[in-house]
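To keep things clear, I will list the structure first and then write my remarks on it.
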Amino acid sequence: MAIKATVFKANLQIADMERHYYQDHTLTLARHPSETDERMMVRLLAFALHAHEYLEFGQGMTDEDAADLWRKDLTGAIELWIDVGIPDEKLIRKACGRAGQVVVYCYGGRVADMWFAQNSAQFVRQKNLTIVNLPPASTQALAKLAQRNMNLQCTIQDGQVWLGDGDASVQVERITLKTAGDGH
């Protein structure tokens, strides 16, 4: 018998001073049996960074035709495709063809660095692709916030990101490796 996903609930308060977005979200995250707390919390962080009324979690862990998160317009066209981890370059290329904007949040230290170095020539061709690297210290600290029922606050201001639960707070460092529209 297959192991089922573990359900996590998150009440997420977002104060994004950069986008002037201030909302509370009640989220249900299904953590796939092979997914770590670290990856799940990076998905939650990606939600906070791109929060929008139409942004939703996808089946990216189990379906290569789906994003980890995506935002579709009212016609079903994909405006934003977000992947977490170190996805296959071919899948990123495919996503870039299907979505207006693609963002990858990679993490894992040296593994993520090697993945980017090996694929950077192909990534340059994708004009609607942004790649952000999250250092291990940030993602491992995020994993420690994971609980089955979470009350989290995310503050985004002056390029800084803070995610906390009232007891602990994590400053998340982001290193942009490639920005949409440029060649690097």
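Following the working numbering, the numbering of the sequence shown begins with 24 at its first residue and continues without gaps. Built from N, CA and C at the ideal position, the CB exists for glycine as well.
Proximity of residue i and residue j at Cβ, strictly below 8 Å
i: residue 92; j: residue 69; result: yes
i: residue 74; j: residue 48; result: yes
i: residue 50; j: residue 35; result: yes
i: residue 112; j: residue 151; result: no
i: residue 173; j: residue 31; result: yes
i: residue 63; j: residue 179; result: no
i: residue 203; j: residue 124; result: yes
i: residue 194; j: residue 183; result: yes
Strand pairing of residue i, partner residues [DSSP]
i: residue 163; result: BP columns for residue 163 are empty, so no partner.
i: residue 53; result: 30
i: residue 80; result: 92
i: residue 186; result: 177, 193
i: residue 13; result: Residue 13 lies beyond the stretch modelled for the chain, which goes from 24 to 207, so this question has no answer here.
Residue of the options minimising C-alpha distance to residue i
i: residue 103; options: 110, 137, 153; result: 153
i: residue 128; options: 192, 116, 156; result: 156
i: residue 101; options: 181, 182, 119; result: 119
i: residue 145; options: 201, 55, 54; result: 201
Buried/exposed call for residue i, threshold 16 Cβ in 10 Å
i: residue 207; result: With a pLDDT of 48 at residue 207, under the threshold of 50, the modelled position of this residue cannot be trusted; read the value that follows with caution. The residue is exposed, with fewer than 16 neighbouring Cβ atoms inside 10 Å.
i: residue 165; result: buried
i: residue 122; result: buried
i: residue 108; result: buried
i: residue 65; result: buried
i: residue 61; result: buried
i: residue 96; result: exposed
Ranges of the beta strand (DSSP E) found wholly within the stretch 88-174, counting only runs of at least 3: 92-95, 101-107, 122-130, 152-157
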